[in-house]
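Colleague: Going down the list, the protein sequences come from chains F and U.
Numbers 1 to 142, taken from this note's numbering, label the letters of the first sequence in order.
Numbers 1 to 142, taken from this note's numbering, label the letters of the second sequence in order.
There are 2 protein chains.
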Amino acid sequence: MLSSSSKYAVNAVLYLAVHSNDKNKIRAKEIAEAIKLPSPFLSKLLQSLSRENLISSSKGPTGGFYLTKQALNTPLIEVVNIIDGTSRLEDCVLGLKKCSSEQPCPVHYSVQPLKQKFRKELQENISVFAEKVKNGEAYLFV
Amino acid sequence: MLSSSSKYAVNAVLYLAVHSNDKNKIRAKEIAEAIKLPSPFLSKLLQSLSRENLISSSKGPTGGFYLTKQALNTPLIEVVNIIDGTSRLEDCVLGLKKCSSEQPCPVHYSVQPLKQKFRKELQENISVFAEKVKNGEAYLFV
DNA sequence: AAAAATTAAGACAATTAAGTCCCAAAATTA
DNA sequence: TAATTTTGGGACTTAATTGTCTTAATTTTT
Numbered sequence: 001m002l003s004s005s006s007k008y009a010v011n012a013v014l015y016l017a018v019h020s021n022d023k024n025k026i027r028a029k030e031i032a033e034a035i036k037l038p039s040p041f042l043s044k045l046l047q048s049l050s051r052e053n054l055i056s057s058s059k060g061p062t063g064g065f066y067l068t069k070q071a072l073n074t075p076l077i078e079v080v081n082i083i084d085g086t087s088r089l090e091d092c093v094l095g096l097k098k099c100s101s102e103q104p105c106p107v108h109y110s111v112q113p114l115k116q117k118f119r120k121e122l123q124e125n126i127s128v129f130a131e132k133v134k135n136g137e138a139y140l141f142v
Numbered sequence: 001m002l003s004s005s006s007k008y009a010v011n012a013v014l015y016l017a018v019h020s021n022d023k024n025k026i027r028a029k030e031i032a033e034a035i036k037l038p039s040p041f042l043s044k045l046l047q048s049l050s051r052e053n054l055i056s057s058s059k060g061p062t063g064g065f066y067l068t069k070q071a072l073n074t075p076l077i078e079v080v081n082i083i084d085g086t087s088r089l090e091d092c093v094l095g096l097k098k099c100s101s102e103q104p105c106p107v108h109y110s111v112q113p114l115k116q117k118f119r120k121e122l123q124e125n126i127s128v129f130a131e132k133v134k135n136g137e138a139y140l141f142v
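Here it is in structure tokens:
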């Protein structure tokens, strides 16, 4: 469904959404420890997200990563799109090159609506999912 | 969602469901050509399915693979379970070890019902999907 | 009984994904 | 300005998945 990398990235972004802002940047190492991930690997993911301006960063002591208010209003699925690309969630479940309502694969009508709903659910903004964690309705680890 | 291997396997099984029976066995090579797959690799997948008695086989000239009537009444998801195992479709989308309604991840309630529905759709018997191909409602290649 | 055709099994190779490491660039502190 | 701390970028390593090849076992045909 999602690659390991984008799972990590989503976790990290939600961690930032909950704990960071432009006054309170968070180092890669701290995030890595929080979500139990090797820090060099996480750094690379964060850099990819930063390069695409989904998250913000600054260097040096007191530096780190953070989310702007604008970034909080980005659909969560953008994280996945940056790390995995879009095809992973869009391609035919059976791997057929041309699969559509004109030429459906055998599972198309069973599965395609679910895939679409999945993408739609992840269109919800990052802030929406972060709020659940702040409220104690959802958890990021364990 | 599914590994490449299990996509291939599902295709191959549906091909057998449509074209084979105990009087009409089909060689790995023919299936491989039909679904455009390297034949040695497909052979290995077919062997895994045969070892688990999901498909049947016989050796020698006139040998090949086929589905029994009983096998046609197996849920399609069994193919995936044999090739990928079950965890791929059951584990938390964000990769959290313990993710449940007691301790849900932030996307749990958005996504978990869809995953369950996905598995449920693939619980439908192989024959159901094969019929769609026979009817011309669905296609296996291109 | 021998030859040919097929599946079975497992070792091997190639590719991709995951993860590490090193050094440069930028910012802060002293 | 020098030392320190952080991100940025890219080369490198490791692990997992995908794909190939060789040989054995079984069945059919002649």
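Cβ coordinates follow ideal geometry from the N, Cα and C atoms, glycine included.
These numbers come from a predicted model, not from an experiment.
List the whole-angstrom C-beta distance separating Val-18 (chain F) from Val-133 (chain F), where the pair is believed to meet the contact cut-off of C-beta under 8 Å.
Modeller: With 8 Å as the limit, Val-18 (chain F) and Val-133 (chain F) qualify as a contact, their Cβ atoms being about 5 Å apart.
Colleague: Using DSSP bridges, identify the partner residues of Ile-77 (chain F).
Modeller: In DSSP, Ile-77 (chain F) forms no bridge with anything.
Colleague: Run through chain F and tell me which residues come within less than 8 Å of Phe-129 (chain U), C-beta to C-beta.
Modeller: By Cβ distance, chain F contributes Pro-106, Val-107.
Colleague: Do the stretch 76–87 of chain F and the stretch 119–135 of chain F meet, that is, are 3 or more Cβ pairs less than 8 Å apart?
Modeller: As far as the Cβ criterion goes, the stretch 76–87 of chain F touches the stretch 119–135 of chain F, which means the pair count is three or higher.
Colleague: Whole angstroms is fine: what's the gap from Asn-21 (chain U)'s alpha carbon to Thr-86 (chain U)'s?
Modeller: The alpha-carbon atoms of Asn-21 (chain U) and Thr-86 (chain U) are separated by roughly 28 Å.
Colleague: Mind checking whether Leu-114 (chain U) and Ala-34 (chain U) have CB atoms under 9 Å apart?
Modeller: Not a contact, by the Cβ cut-off of 9 Å.
Colleague: Apart from the five residues on each side of it in sequence, which residues of its chain come closer than 7 Å, Cβ to Cβ, to Lys-98 (chain U)?
Modeller: Counting only Cβ-Cβ distances below 7 Å, and skipping sequence neighbours, we find nothing.
Colleague: Considering only their Cβ atoms, is the gap separating Val-107 (chain F) from Leu-94 (chain F) smaller than 9 Å?
Modeller: Yes, the Cβ-Cβ distance between Leu-94 (chain F) and Val-107 (chain F) is below 9 Å.
Colleague: Which residue from F:Pro-61, F:Asp-84, F:Val-128 puts its Cα closest to that of Lys-25 (chain F)?
Modeller: The shortest Cα separation from Lys-25 (chain F) among F:Pro-61, F:Asp-84, F:Val-128 belongs to F:Pro-61.
Colleague: Let me check one thing: in DSSP terms, what residues is Ile-26 (chain U) bridge-paired to?
Modeller: U:Phe-65, per the DSSP bridge assignment.
Colleague: Against chain U, with Cβ distances strictly below 9 Å, would Phe-65 (chain F) count as a contact?
Modeller: Answer no: the Cβ-Cβ gap between Phe-65 (chain F) and chain U never drops below 9 Å.
Colleague: Looking at chain F, is there any beta carbon in it that lies within less than 9 Å of the beta carbon of Gly-85 (chain U)?
Modeller: No, because no Cβ of chain F sits closer than 9 Å to the Cβ of Gly-85 (chain U).
Colleague: Starting from Gln-94 (chain F), find everything on chain U with Cβ-Cβ shorter than 7 Å and list it in chain order.
Modeller: The amino acid at residue 94 (chain F) is misidentified as Gln; the sequence shows Leu. Lys-7, Val-10, Asn-11, listed in chain order.
Colleague: Just curious, the beta strand (DSSP E) that Ser-127 (chain U) is in, first and last residue?
Modeller: Careful: Ser-127 (chain U) lies outside any beta strand (DSSP E), inside the alpha helix (DSSP H) at 126–135.
Colleague: Should Asn-132 (chain U) be flagged as near chain F, meaning a C-beta pair shorter than 9 Å?
Modeller: As written in the sequence, residue 132 (chain U) is Lys, which differs from the Asn given in the question. Answer yes: the Cβ-Cβ gap between Lys-132 (chain U) and chain F drops below 9 Å somewhere.
Colleague: Out of curiosity, what's the CA-to-CA distance linking Lys-44 (chain F) and Tyr-109 (chain U)?
Modeller: If I take the Cα positions, the gap works out to 29 Å.
Colleague: Suppose the cutoff is 8 Å on Cβ atoms and the five residues either side in sequence are ignored; what does the same chain contact list for Thr-74 (chain F) look like?
Modeller: If we look at Thr-74 (chain F) and ignore the five residues flanking it on each side, its Cβ neighbours are Leu-54, Asn-125, Ile-126.
Colleague: Count the other C-beta atoms from every protein chain shown that fall within 10 angstroms of the C-beta of Pro-104 (chain U), then say buried if there are 16 or more, exposed otherwise.
Modeller: It counts as buried.
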